Amino acid sequence: MSCDMSEFCTNEKDILEKLNHIKINKSPGRDLIHPRILFEARHQIAYPLHLLFETSLHLQQLPFDWKSANISSIYKKGIKSDPCNYRPISLTSTVCKVIESLLRDHLMNQFLKNNYFSNKQYGFIKGISTVTQLLNIMDKWTEYLEIRGQVDVIYTDLEKAFDKVPHQRLLLKLKSYNIHDDIIQWISSFIFLTLTITKSRP
Numbered sequence: 498m499s500c501d502m503s504e505f506c507t508n509e510k511d512i513l514e515k516l517n518h519i520k521i522n523k524s525p526g527r528d529l530i531h532p533r534i535l536f537e538a539r540h541q542i543a544y545p546l547h548l549l550f551e552t553s554l555h556l557q558q559l560p561f562d563w564k565s566a567n568i569s570s571i572y573k574k575g576i577k578s579d580p581c582n583y584r585p586i587s588l589t590s591t592v593c594k595v596i597e598s599l600l601r602d603h604l605m606n607q608f609l610k611n612n613y614f615s616n617k618q619y620g621f622i623k624g625i626s627t628v629t630q631l632l633n634i635m636d637k638w639t640e641y642l643e644i645r646g647q648v649d650v651i652y653t654d655l656e657k658a659f660d661k662v663p664h665q666r667l668l669l670k671l672k673s674y675n676i677h678d679d680i681i682q683w684i685s686s687f688i689f690l691t692l693t694i695t696k697s698r699p
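Going letter by letter, the sequence shown gives residues 498 to 699 in our numbering.
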């Protein structure tokens, strides 16, 4: 039996911790607030950001600049004249990334607390990386080969997997995990009302 997801609240201490580890060499989003500015002024802005985040969560809405992005296309492979051979890179608001990171930590803690992750899940979980998965499977293959067993391997690759996640189904899935309604409404506001501003590649 899973327990209900608790309400998500931010605090000055956690915000300051995120700002302490912000990547200052990253480019700013459409709000033009550079990560270095946030880092240098972190002690002064932690509390104002806390008030801003709490207001956004209470209203279940995001500021316009948080829902905007500068997009650059990066060439991957194949014919350069084919748009499908380019990968979009979105430069979004660093301030919004801070609250996203805090919300992710909250959800991850709740999911781990309720044992929602399979023991076969590797990647995207702290301490359980794809390297861990590779070491585990290599150990099993070695064991099978030593006893003259057979190893059959099937590799699959889901092209643009994250781009193909149905948003409505995602929200229903989150609701089935008893996530607080305010969190679901905030996420809904984020994914359905995101605006993008196209920017040519430098």
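Every residue gets a Cβ at the ideal spot worked out from N, C-alpha and C, and that includes glycine. Remember, predicted model here, so these are calculated numbers, not experimental data.
Give the range of the beta strand (DSSP E) segment to which residue i is assigned.
i: residue 570; result: 566-572
i: residue 583; result: 583-589
Looking at the unbroken alpha helix (DSSP H) that takes in residue i, where does it start and where does it end?
i: residue 680; result: 678-689
i: residue 493; result: The structure shown has nothing for residue 493, since the chain only spans 498 to 699.
i: residue 641; result: 627-643
i: residue 544; result: 539-556
i: residue 517; result: 509-517
Of the choices the options, whose alpha-carbon is the least far from that of residue i?
i: residue 571; options: 615, 505, 581; result: 581
i: residue 619; options: 632, 666, 607, 560; result: 632
i: residue 615; options: 521, 601, 565, 630; result: 630
i: residue 677; options: 651, 508, 603, 585; result: 603
i: residue 667; options: 687, 650, 655; result: 687
i: residue 523; options: 560, 576, 586; result: 586
i: residue 584; options: 656, 674, 537; result: 656
i: residue 518; options: 551, 536, 525, 505; result: 536
i: residue 670; options: 578, 520, 559, 613; result: 613
i: residue 516; options: 598, 647, 634, 672; result: 598
i: residue 538; options: 521, 608, 648; result: 521
i: residue 567; options: 573, 588, 576; result: 588
i: residue 673; options: 611, 540, 558; result: 611
i: residue 685; options: 558, 573, 562, 534; result: 558
i: residue 720; options: 569, 646, 525; result: Lying outside 498 to 699, the shown extent of the chain, residue 720 is not represented and no answer is given.
Could you round the C-beta distance between residue i and residue j to whole angstroms and report it? I think they count as a contact, below 8 Å.
i: residue 554; j: residue 683; result: 6 Å
i: residue 596; j: residue 507; result: 7 Å
i: residue 680; j: residue 505; result: 5 Å
i: residue 762; j: residue 638; result: Here the chain covers residues 498 to 699 and nothing more, so residue 762 does not appear.
* To do: Give a yes or no on contact between the stretch 511-523 and the stretch 534-553, applying the rule of three or more CB pairs nearer than 8 Å.
  => Enough Cβ pairs lie closer than 8 Å, so yes.
* To do: Would you be able to state if there are at least three C-beta pairs under 8 Å between the stretch 621-630 and the stretch 586-599?
  => No, because fewer than three Cβ pairs between the stretch 586-599 and the stretch 621-630 fall closer than 8 Å, the two stretches do not touch.
* At least three beta-carbon pairs within less than 8 Å, the stretch 652-664 to the stretch 528-536 -> Not touching, per the Cβ criterion.
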